[in-house]
Amino acid sequence: MITVDERIFEGYRFIDLFAGIGGFHLALESFGARCVYANEWDKFAQDVYYSNFGIRPEGDITKVDESTIPDHDILCAGFPCQAFSISGKRLGFNDSRGTLFFDVARIVREKRPRVVFMENVKNFASHDGGNTIRVVEATMRELGYSFHYAVLNAVDYGVPQKRERVYMVCFRNDIDDSRFAFPKPFELTRHVEDFLLDDASTASLVVNRPDTYFTNPNDDTYSSKSIRLGIVNKGGQGERIYSTKGIAITFSAYGGGVFSKTGGYLVNGETRKLHPRECARLMGYPDTFEMSPRATQAYKQFGNSVVVDVLQYILISIGHALLR
């Protein structure tokens, strides 16, 4: 999470849909915006959100009456990736019905926020032969908004993790968004080793197995890519070992293997997966953030989360357009 000096969204209100544990909330709040509503169906994520922000997200969004949601300036949503019907080939509001994006769209139609800021997995841009994102764009334009999207990688914005996501920014048509542009990448200066806890805090994560095989355990080269040093077992998903002088692989909410969800790393001569707090740091969450006390849930939640730093850089660009 980057340090912010200016409160460019002071006085702005936002809602947080498919909120998870609050990545969007942290990013917007850092610029002075205030959350007036959150929605998240997962009970464990709701608990973490409440612990950190004092707001308990409402549950099933499909059952929420959009007229009851408070007025707001910015709508945030990291909705799940779903296929859209193209039976009528209208590629607009009607084609989004039956998906969770429809719930975003109906709230936008009712509340008319100034900005809609959405995030999804990288493959969303090519999902269903490109039809999925075309439906989203057509729907937003039908609702009276512009549509900008880009696939950005966290490693290009100061965070040493390969995490590519598609970000979508929509401005209401009465707003001149000609100054908006997605932030430009910059050179990475930090690596996994800069985000680690001390050995005493991570001793329980150390894995010493006889079937560990190293190809180059002494690699001390710094890189803006992941550096694979070896494997455990057959080297499948969750069985690969990386250098802390490179970047982290993409965290996953699911998956097996001895180093499941984070990958394995060679730290001070021993192999281990990352600690949940290290995952939090590599997702842009400050050490003051209260994680789930259940490690399995914490790993899952960070694997599903957004990188706060990337959101902050995009928000700076949104602010330039709004405050011209």
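For the sequence shown, our numbering assigns the number 37 to the initial residue and increments by one for each residue that follows. For every residue, glycine included, the Cβ atom is placed at its ideal position computed from N, Cα and C. Since we're looking at a predicted model, the values are computed, not measured.
### Task
On a CA-only basis, which of 219, 294, 240, 339 is nearest residue 321? Give me that one, please.
339
### Task
Spatial neighbours of residue 225 within its chain, please: CB distance less than 6 Å, with the 5 preceding and 5 following residues excluded, ordered by chain position.
none
#### Entry: Reduced DSSP category for residue 184 - H, G, I as helix; E, B as strand; rest coil
strand
### Query
For residue 78, is the classification buried or exposed, using 16 other Cβ atoms within 10 angstroms of its Cβ as the cut-off for buried?
buried
### Message
Below 8 Å on the Cβ atoms is my contact criterion, and I expect residue 112 with residue 44 to pass it. Report the Cβ-Cβ distance as a whole number of Å.
### Response
Between residue 44 and residue 112 the Cβ distance is about 16 Å, and since that is not below 8 Å, they are no contact.
#### Entry: Same chain, Cβ closer than 8 Å to residue 230, neighbours up to 5 away in sequence not counted
196
### Message
Could you compute how far the alpha carbon of residue 142 sits from the alpha carbon of residue 149?
### Response
12 Å
### Query
Helix, strand or coil: how does DSSP classify residue 204 here?
strand
### Query
Hey, quick one: how far does the beta strand (DSSP E) through residue 264 stretch, first residue to last?
264–268
### Query
When you compare only the Cα positions, how much space is there between residue 247 and residue 276?
12 Å
### Message
Let me confirm a value: residue 297 is counted as buried when at least 16 other C-beta atoms fall within 10 Å, else exposed. Which label applies?
### Response
buried
### Query
Is DSSP giving residue 335 helix, strand or coil here?
helix
### Task
Go through its chain and collect everything with a Cβ distance to residue 218's Cβ below 6 Å, but skip five positions before and after it.
186
### Task
Quick one: using the 10 Å Cβ neighbour count with 16 as the cut-off for buried, is residue 303 buried or exposed?
buried
### Query
Terminal residues of the continuous beta strand (DSSP E) containing residue 308?
306–309
### Query
What are the partner residues of residue 248, as DSSP defines its beta bridges?
268
### Query
Straight-line CA distance for residue 318 to residue 228?
8 Å
### Query
Which residues in the same chain have their Cβ closer than 6 Å to the Cβ of residue 64, if we skip the five residues on either side of it in sequence?
50
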